[in-house]
Amino acid sequence: MNLSRLFKYRILKVFAPGKLLRQKYEAFKELLRHDKRSLELITDLEGLLQGERLVDWARVESLVRALRWSVGRLIDSLISMHPAAYANLEERFRQLESSLVKSVTLPPGYAGPPYTITLAEAARAPELAGGKAHTLSRLLKETGLPGPRGLVITTSAFHHFLEHNDLRHRLNELLAQVQLDDWERLAELSREMIALVQNAGIPPAVGPEIAQRLEDFREQGLEGPWALRSSAWREDGEASFAGQYASVLKVATPEVWEAYKQVLASKYSPPAVAYRIRHGLADQETPMAVLLMEMIEAAMSGVVYTRSAGAGEPPEACVEVFALTGVGQRLMDGRSIPEVHYLSREESPRLLRSLAAASDQGGRARLAPETAVRLARWGMRLEELAGRPQDIEWCQDKQGNLYLLQSRPLNTGTLLRETGEMEIESREIANPLLLEGGVTASPGQGMGQVCLVQGEENLAKVPEGVVLVSPILPPAFAGIIQHLRAVVADCGSRASHFAMVAREYGLPVIVGARKATKLLPPGRAVTVDANHCRVYLGEVESLQGQPHRPHAAPATPFFTRLQRVMEFVSPLYLTDPASPAFAPPGCRSLHDLVRFVHEKGMVEMFSLVGRHGRGLGRARRLDTDLPLVMYVLDLENGISLEAGPGKDVQPQFITSGPMRACWQGLSHPDVYWDKSLLHIDWEELDRVSAGLINLRSAALASYAIISRDYLHLVLRFGYHFAVLDTLCREDPEANYITFRFKGGGGSFENRLLRIRLIQIILEWAGFVVHTRGDLLEARFQRREASRILSRLTLLGLLQGKTRLLDMALTSPEQVYQMAEAFKERYQEYVSEA
Amino acid sequence: MGHILVLDDIADAGLMLKRLLERQGHQVTVFTEEEEALAHIRAHPVEVAILDIRLKKMSGVEMLEEIKKISPSTRVIMLTGYPTLETARRAQQLGAFDYCIKPIEKEELEEKVASALKAGPT
Chain F
18 MNLSRLFKYR ILKVFAPGKL LRQKYEAFKE LLRHDKRSLE LITDLEGLLQ
68 GERLVDWARV ESLVRALRWS VGRLIDSLIS MHPAAYANLE ERFRQLESSL
118 VKSVTLPPGY AGPPYTITLA EAARAPELAG GKAHTLSRLL KETGLPGPRG
168 LVITTSAFHH FLEHNDLRHR LNELLAQVQL DDWERLAELS REMIALVQNA
218 GIPPAVGPEI AQRLEDFREQ GLEGPWALRS SAWREDGEAS FAGQYASVLK
268 VATPEVWEAY KQVLASKYSP PAVAYRIRHG LADQETPMAV LLMEMIEAAM
318 SGVVYTRSAG AGEPPEACVE VFALTGVGQR LMDGRSIPEV HYLSREESPR
368 LLRSLAAASD QGGRARLAPE TAVRLARWGM RLEELAGRPQ DIEWCQDKQG
418 NLYLLQSRPL NTGTLLRETG EMEIESREIA NPLLLEGGVT ASPGQGMGQV
468 CLVQGEENLA KVPEGVVLVS PILPPAFAGI IQHLRAVVAD CGSRASHFAM
518 VAREYGLPVI VGARKATKLL PPGRAVTVDA NHCRVYLGEV ESLQGQPHRP
568 HAAPATPFFT RLQRVMEFVS PLYLTDPASP AFAPPGCRSL HDLVRFVHEK
618 GMVEMFSLVG RHGRGLGRAR RLDTDLPLVM YVLDLENGIS LEAGPGKDVQ
668 PQFITSGPMR ACWQGLSHPD VYWDKSLLHI DWEELDRVSA GLINLRSAAL
718 ASYAIISRDY LHLVLRFGYH FAVLDTLCRE DPEANYITFR FKGGGGSFEN
768 RLLRIRLIQI ILEWAGFVVH TRGDLLEARF QRREASRILS RLTLLGLLQG
818 KTRLLDMALT SPEQVYQMAE AFKERYQEYV SEA
Chain C
218 MGHILVLDDI ADAGLMLKRL LERQGHQVTV FTEEEEALAH IRAHPVEVAI
268 LDIRLKKMSG VEMLEEIKKI SPSTRVIMLT GYPTLETARR AQQLGAFDYC
318 IKPIEKEELE EKVASALKAG PT
């Protein structure tokens with residue numbers, strides 16, 4: 018806790034309560050802004066876990082950084098609304114943040130020496146040598162087959178190269194923007210990343226070491242040219258990366274350094290980046306070693322597949338040898354059609370058939386049959402050694418010597434499934450379509466009886482196996498999620514707390530369906546197709562076969578890691594503000610913190626001004642014919658400039674939307690105001706003055722604190738008071754009305770009758786209402802602005818009309834009749850046309 | 218429509234902003250070098266500057282300070298992928314118009330730039 022902030026708060030509270038009030042309101046606006054942003058970021062991360070699109074890990078890091086920032090600011094806003102009130106909130110945030118950072122941060126790669134090793138040493142140092150060099154070294158050693166001489170520039174040299182040139186954060190910044198569905202953009206980003214690598218310098222610890230190795234080769238009579246090939250860690254592993262990275266051939270000694278950077282840069286070519294992302298590997302996890310080998314002047318070169326279906330042969334029955342004259346690059350690039358030889362899979366393979374290369378005019382195969390047989394024998398041996406089918410690169414020099422260049426597992430298996438929304442075949446569905454529209458908050462199909470609720474009230478009574486239909490989508494639904502087959506809500510969005518929970522559980526949810534509560538008949542069986550935002554009457558059999566299962570995340574390192582990260586981000590455990598666990602120590606994810614802070618922010622606004630109206634010094638009296646004393650304090654754009662200066666302000670100059678709406682109700686012609694009574698706080702008057710003080714004192718009056726889209730209204734009529742706090746903006750998710758009503762001059766029983774009347778009417782209007790004795794609390798939230806405004810007018814009306822009812826109401830029957838009459842007369846404020 | 222300067226150590230990030238903002242009808246000049254950007258501001262009126270927090274030689278905050286010395290009326294929007302309270306406060310003290318966190322949506326950035334232009338000289 019910042020002590021100076023607390024001190025300042027206390028000083029202000031005593032000496033400048035008006036300023037404090039403004040600050041509180043400003044902080045609340047900040048809070049709402051960060052709340053929205055935090056939920057958006059959580060939704061984005063959720064989307065990644067659902068496999069909505071594939072991105073680089075750098076994007077996850079960047080989203081998590083932004084989320085930590087937003088939640089930090091969110092908490093800060095709440096604390097500046099009421100310093101010292103949320104003692105352990107920041108501490109809890111730091112704890113969760115530190116777990117989150119641990120789970121999202123990749124270990125830095127080892128960047129120390131050795132920066133070069135011999136090809137022979139590579140067999141014992143897989144992590145330094147990378148996949149290709151390690152495999153080749155091991156195979157040459159174990160089979161004694163001939164291979165070119167060479168050395169390996171290690172993976173740690175790559176890490177050191179990035180570190181030395183301070184490239185990691187720049188690469189990550191670009192990688193964070195990669196979207197696999199925008200290739201044009203990927204190409205641009207890739208160009209920039211390649212330029213970063215190519216313009217960087219070889220570190221002083223690496224360059225001379227390579228030079229020394231080349232000098233050693235020269236002494237052995239080996240002067241180049243060289244072939245430089247990529248050997249990334251994990252290359253040739255589960256993901257083959259075949260052909261994704263560059264090889265640079267015929268490199269003279271002075272050009273080795275440029276060629277080295279060229280191979281490193283190929284890590285950032287569009288296909289290599291896309292391939293890596295598809296396999297869920299992070300850039301740091303695939304550091305690039307480079308294999309520097311003597312360049313064999315190849316007369317022929319090619320590839321052996323140890324198992325092949327051949328043409329018209331049974332699957333996996335043959336060894337297939339591909340060959341081209343010259344170097345093999347064109348074959349790997351798929352730029353030419355080679356000659357092909359099929360051989361039997363036997364200890365002494367027999368040549369079954371040969372097809373000449375497309376380029377060969379004579380229609381004659383160039384590879385000697387005995388060479389093909391020899392290659393097939395190599396293949397059988399390498400397959401036996403590796404224990405799985407192999408894809409082998411070879412070449413033959415002009416003297417007829419064969420060389421093994423590379424061997425890696427042959428990809429016979431399944432390709433990584435493309436994630437994305439599963440499309441359902443469009444079928445003829447005969448069932449009547451009850452509803453179409455809205456937004457898929459969580460995909461899938463579900464069937465069940467319609468159970469209509471008004472929000473979070475009476476959720477305990479929701480039976481099992483229902484389709485829940487509600488005007489809103491409160492987080493409390495999470496508490497009964499196991500009972501639900503689908504949810505359809507008039508309001509809500511994909512960023513609603515519950516929408517995220519639903520996606521976790523794989524529960525189909527349609528939001529923004531507008532008229533679902535009107536159109537879906539309670540008790541009837543319906544089928545919800547959330548993918549297409551349709552609801553059918555009855556059971557649709559063709560959709561029955563497609564129960565939604567949670568999107569099983571592909572088991573790539575990306576998803577495994579992201580799942581761990583999301584444990585600290587998305588689950589929502591805090592669903593009930595009334596529970597004792599609704600406190601900072603009960604927050605187990607950032608989502609919980611966001612929920613907690615938002616709830617408390619609303620509570621803080623509700624208690625905006627103390628009972629004695631401190632802070633209202635600069636308020637202006639509302640100039641009205643109605644016999645009530647009301648002061649208005651404008652925080653921001655709530656009063657038109659045309660009102661001019663002065664102590665009074667006329668209602669027509671009020672520009673605050675919620676205030677206008679509420680005033681429209683209070684000043685409705687139906688409301689009868691007894692001009693002989695001044696409507697102020699009589700109880701307070703009795704207590705402080707025995708009638709001696711000014712009847713227009715602000716301490717007794719009603720007041721409104723307003724801005725263009727905000728209203729905090731305290732009504733003091735007779736012996737009761739009502740507090741209303743409301744926000745009404747374009748974004749329905751932020752909107753709410755909270756309302757509290759208490760007291761009265763009549764007997765306790767009579768007051769309860771009035772509370773009952775208000776309760777009936779507010780519930781009819783869609784509010785969630787709680788009562789305790791003569792205290793009534795009601796909330797209406799996450800609705801569009803137009804609905805908020807109509808409810809405010811209704812509340813104004815209700816306040817005006819029930820003002821003195823605690824004296825007049827005598828029986829429950831009377832309450833019922835009045836409620837019915839009210840509903841009938843003011844239907845227009847509740848109908849959602 | 219206004220004169221906008223973009224400074225980012227990564228040329229491509231700057232070019233992306235340029236393309237985005239030019240579509241809105243603004244005139245955009247992109248720099249990767251701090252000195253060149255400052256020279257440009259000395260020679261031309263710039264209404265809005267968008268600065269990456271991590272630059273080549275200076276920090277974005279130092280750059281903000283320099284720009285405010287040369288051209289106090291320029292509204293500066295800070296853009297960062299590594300937000301800290303310290304840089305945010307410092308930027309605010311030095312008169313930054315806004316402090317934005319990457320990743321930032323296209324629409325949000327367009328809005329921020331529009332409101333910076335609308336705000337007029339600060």
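One line per chain: the protein sequences are F and C, in this order. Mapping of the first sequence onto my numbering: position 128 corresponds to residue 145, and the numbering continues sequentially without gaps. Mapping of the second sequence onto my numbering: position 102 corresponds to residue 319, and the numbering continues sequentially without gaps. Heads up, the beta-carbon is just placed ideally off N, CA and C, and yes, glycines get one too.
- Between leucine 368(F) and leucine 360(F), the CB-CB gap stays under 8 Å.
- Each of Arg799(F), Glu780(F), Gly790(F) and Ser803(F) was checked against the Cα of leucine 815(F), and the nearest Cα belongs to Glu780(F).
- With a cutoff of 8 Å on beta-carbon distance, glycine 129(F) and alanine 249(F) are scored as not near each other.
- Separation of tyrosine 285(F) and methionine 305(F) (C-alpha to C-alpha, rounded to the nearest whole angstrom) is 11 Å.
- For glutamate 356(F), the beta-bridge partners assigned by DSSP are Ala340(F).
- Counting only residues of its own chain and dropping the five nearest sequence neighbours on each side, aspartate 300(F) has a CB closer than 8 Å to the CB of Asp73, Trp74, Ala75, Leu188, Asn189, Leu192, Lys284 and Arg293.
- Considering only Leu145(F), Phe613(F), Ser154(F) and Trp411(F), the residue with the shortest C-alpha distance to leucine 341(F) is Trp411(F).
- Under DSSP, threonine 246(C) forms a beta bridge with Leu222(C).
- Valine 582(F) is a Cβ neighbour of valine 121(F), given a cutoff of 8 Å.
- When C-alpha distances from lysine 158(F) are compared across Ala137(F), Glu144(F) and Thr171(F), the shortest belongs to Ala137(F).
- Put simply, the segment 782-798 of chain F touches the segment 750-757 of chain F. At least three CB pairs are less than 8 Å apart.
- By the neighbour-count criterion, in which a residue is buried when 16 or more other Cβ atoms sit within 10 angstroms of its Cβ, phenylalanine 784(F) is buried.
- Between the C-alpha atoms of histidine 257(C) and tyrosine 277(F) there is a straight-line separation of about 38 Å.
- In this chain, the beta strand (DSSP E) harbouring isoleucine 722(F) covers 719-724.
- Secondary structure at glycine 404(F): coil, using DSSP grouped into helix, strand and coil.
- By alpha-carbon distance to threonine 160(F), the top candidate from Phe839(F), Ile96(F) and Ala403(F) is Ala403(F).
- Shortest Cα-Cα distance from isoleucine 221(C) to any of Gln310(C), Glu303(C), Ala313(C) and Ile294(C) involves Ile294(C).
- Here the alpha carbons of leucine 399(F) and glutamine 237(F) stand approximately 30 Å from one another.
- For tyrosine 727(F), the pairing in a beta bridge is given by DSSP as Ser724(F) and Leu744(F).
- If only complete runs of 4 or more residues are kept, the segment 196-245 of chain F shows the alpha helix (DSSP H) at 200-215 and 224-236, in order along the chain.
- Sequence-ordered contacts of the segment 240-259 of chain C with chain F are nonexistent [C-beta pairs closer than 9 Å].
- In the displayed model, glutamine 466(F) falls within a strand according to three-state DSSP.
- With a contact defined as Cβ atoms closer than 8 Å, valine 169(F) and alanine 140(F) miss out at about 11 Å.
- In the structure shown, the three-state DSSP call for tryptophan 250(F) is coil.
- Bridge partners of phenylalanine 797(F) according to DSSP: Ile754(F).
- As computed with DSSP, valine 484(F) is found in a beta bridge with Val467(F) and Ala503(F).
- Of Val290(F), Tyr132(F) and His729(F), the smallest CA-CA separation from arginine 202(F) is found for Val290(F).
- DSSP places lysine 46(F) within a helical segment (H, G or I) once states are collapsed to three.
- In the three-state reduction of the DSSP assignment, glutamate 474(F) falls in the coil class.
- A distance below 8 Å between beta-carbons, with the five flanking residues on each side excluded, links isoleucine 287(C) to the following residues of its chain, in chain order: Leu255, Ile258 and Arg259.
- Closest by C-alpha distance to glutamine 229(F), out of Ile211(F), Ala263(F), Leu266(F) and Thr270(F), is Thr270(F).
- Excluding its 5 nearest sequence neighbours in each direction, threonine 788(F) has C-beta neighbours in its own chain below 7 Å: Ile772 and Gln776, listed in chain order.
- Excluding sequence positions up to five before and after threonine 534(F), its CB lies within less than 8 Å of the CB of Leu469, Val486, Ser487, Pro488 and Asp507, all in the same chain and listed in chain order.
- In the three-state reduction of the DSSP assignment, arginine 789(F) falls in the strand class, which pools E and B.
- Look at the beta carbons and you see the segment 54-68 of chain F not touching the segment 109-127 of chain F: under three pairs across the two are nearer than 8 Å.
- According to DSSP, residue pairing for arginine 637(F) in a beta bridge involves Val649(F).
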